[in-house]
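Numbering (the UniProt record's numbering), first residue to last: 1 to 549. Before any comments, here is the structure.
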């Protein structure tokens with residue numbers, strides 16, 4: 001044991017840490033007052049470098065120590081407690097809480113999901129984001145055991161009856177495995193772009209979890225890294241995550257307004273605290289700059305290599321910024337609840353262009369780099385396509401006063417046909433094709449997925465996903481296979497035709513594909529993550545490629 005005289009903490013050290021935190025958070029006046037009253041200019045620690053987020057990191061480690069202290073057992077057995085820890089309140093283990101006949105701690109039953117857009121009453125009434133819709137008084141069914149596998153309602157081929165004389169064959173790995181570790185709803189999933197079997201997940205329990213998902217699906221999967229988010233407020237739901245291009249860093253945005261960056265080993269890299277509202281979007285560019293959008297109406301570009309220093313802040317929206325999208329290494333677009341899209345440039349204080357044409361909140365942006373087309377999806381039941389091929393020219397001309405800034409434009413195509421909010425959009429990937437036409441896929445709360453020609457704006461096909469709201473979709477690395485989340489169902493379709501489905505008792509929120517296309521993951525309301533293994537599924541026209549027992 002370390003002697004107590006080696007564990008001294010001085011008030012001067014605490015004051016220096018607090019001052020650093022106040023500066024990081026933008027409380028310049030309060031930091032100045034503390035510096036004067038605590039006489040920090042003559043402090044022996046005045047020249048000690050405190051990294052950004054230093055106080056947060058120390059408090060996070062303290063919280064982890066409290067967790068170890070509370071859950072220590074002589075037998076070394078893991079503790080199954082799911083109650084959160086807080087610096088300001090005592091921890092009560094779920095194992096000591098009274099349970100209902102169904103086995104769920106009474107304090108955790110009939111819980112409600114907080115409305116993420118607390119600044120937008122209209123959004124709260126319409127329950128727009130599916131993964132955070134209110135589920136008041138909804139009884140939670142018991143979940144499968146750790147590492148449970150199989151597809152409860154899969155459309156795969158049923159098992160053949162065994163005959164007495166049949167030679168026993170090794171069991172074929174099931175097409176679906178479920179990952180259990182989160183204690184509450186899982187909202188976001190993302191595969192590492194360089195380490196194919198490394199999956200990151202985040203949700204309502206304020207944790208980011210990283211999983212090494214085995215290719216053969218033969219072993220139970222446990223999260224290999226658990227990254228605790230120390231909440232700065234009453235809620236710290238993880239709302240968005242994104243890997244950088246080389247797979248070394250993962251950025252997370254949370255409801256507490258803090259952006260955190262983690263290494264692929266699960267180590268906290270830096271903490272960024274300039275936002276004053278929930279983070280809804282985090283995106284990396286190829287050079288390693290991080291772009292974030294928040295309900296505080298701002299977008300910020302961060303220099304992560306410089307310890308998370310804010311490079312520039314953009315204040316052009318008049319309501320929450322709901323999504324951001326890089327166009328290249330310096331140009332990017334933002335959209336928000338104010339129905340506007342702004343095209344910005346790093347280093348410029350005035351928007352290059354302003355796009356107008358939607359009649360309601362704009363939920364998402366997606367850029368098609370080959371044809372330089374920007375797509376947007378909105379609550380007005382439409383998607384729009386905008387040309388952004390001349391933003392560099394527009395910047396040059398505006399600098400010479402030839403063209404006004406921002407250059408106000410209308411859409412190239414407005415895609416009408418959905419009968420509900422357009423929740424998700426994605427451009428069809430190029431894949432191995434040498435030439436292709438741009439195709440935009442939109443999914444809506446009306447239960448349909450539509451494909452559109454990006455050149456003409458014509459609807460190519462309509463896929464009816466069922467009676468549930470389509471919360472999202474994602475393309476495999478190849479352009480012909482699409483994963484769709486509709487209510488409590490995960491659907492795989494090839495060329496617009498369903499060939500596999502898997503269903504759970506609770507809702508699914510988001511999907512993401514492995515970089516090699518061998519698996520697709522889905523975030524689940526029941527605190528688990530479903531992983532569909534493509535080698536175990538028969539794809540139409542590719543029967544000879546199906547994994548053999």
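Even glycine gets a Cβ: it sits at the ideal position worked out from N, Cα and C.
For residue i, the three-state DSSP class (helix, strand or coil)
i	result
residue 245	coil
residue 255	coil
residue 22	helix
residue 535	helix
residue 230	coil
residue 391	helix
residue 424	strand
residue 238	strand
residue 397	helix
residue 42	helix
residue 407	strand
residue 306	helix
residue 530	strand
residue 188	strand
residue 459	strand
residue 16	helix
residue 11	helix
residue 434	coil
residue 543	helix
residue 265	coil
residue 356	coil
residue 288	coil
residue 91	coil
residue 419	coil
residue 281	strand
Closest residue to residue i among the options (Cα-Cα distance)
i	options	result
residue 431	260, 479 and 335	479
residue 257	241, 341, 279 and 27	279
residue 521	10, 489 and 369	489
residue 369	193, 427, 472 and 61	427
residue 13	29, 376, 28 and 47	47
residue 59	329, 17 and 321	17
residue 30	42, 15 and 352	15
residue 324	345, 306, 305 and 309	345
residue 485	499, 500 and 509	509
residue 473	513, 312 and 67	513
residue 189	541, 524, 540 and 542	524
residue 383	395, 364 and 372	364
residue 455	391, 191, 238 and 375	375
residue 275	307, 255 and 85	255
residue 487	475, 477 and 443	443
residue 466	315, 445, 453 and 459	445
residue 332	381, 359, 281 and 308	281
residue 225	241, 198, 460 and 204	198
residue 229	202, 223 and 222	202
residue 10	44, 37, 36 and 24	44
Bounding residues of the alpha helix (DSSP H) (the contiguous stretch that carries residue i)
i	result
residue 296	Careful: residue 296 lies outside any alpha helix (DSSP H) and carries neither H nor E.
residue 57	54-71
Residue i: first and last residue of the uninterrupted beta strand (DSSP E) it sits in
i	result
residue 30	Run containing residue 30: none in the beta strand (DSSP E); it sits in the alpha helix (DSSP H), 28-37.
residue 503	497-503
residue 312	309-314
residue 363	362-368
residue 222	Unbroken run through residue 222: none, as it is neither H nor E.
residue 319	No beta strand (DSSP E) holds residue 319; DSSP gives it neither H nor E.
residue 475	470-475
residue 444	439-444
residue 344	341-345
residue 484	481-486
residue 181	Unbroken run through residue 181: none, as it is neither H nor E.
residue 489	489-494
Chain-order list of residues whose beta-carbon lies under 7 Å from that of residue i (same chain, five-residue window excluded)
i	result
residue 216	173
residue 128	Because residue 128 carries a pLDDT of 46, less than 50, the predicted location of this residue cannot be relied on, and no value is offered for it.
Presumed contact (8 Å Cβ cut-off) between residue i and residue j, rounded CB distance
i	j	result
residue 22	residue 34	7 Å
residue 26	residue 270	Not really, about 16 Å apart at Cβ, beyond 8 Å.
residue 214	residue 516	Not confirmed; about 14 Å, so no contact.
residue 208	residue 262	6 Å
residue 248	residue 238	About 20 Å separates the two Cβ atoms, so there is no contact after all.
Own chain partners of residue i with C-beta closer than 6 Å, once the 5 adjacent residues on each side are dropped
i	result
residue 317	297, 336 and 338
residue 355	341, 386 and 409
residue 463	449 and 496
residue 398	405
residue 330	345 and 346
residue 468	486 and 487
Any non-hydrogen atom of the ligand MN within 6 Å of residue i CB
i	result
residue 332	Looking at this structure, you won't find the ligand MN or any other ligand, since it has none at all.
Cutoff 8 Å; reference residue i; Cβ partners in own chain excluding five residues on either side
i	result
residue 403	394 and 397
residue 93	70, 71, 79, 81 and 83
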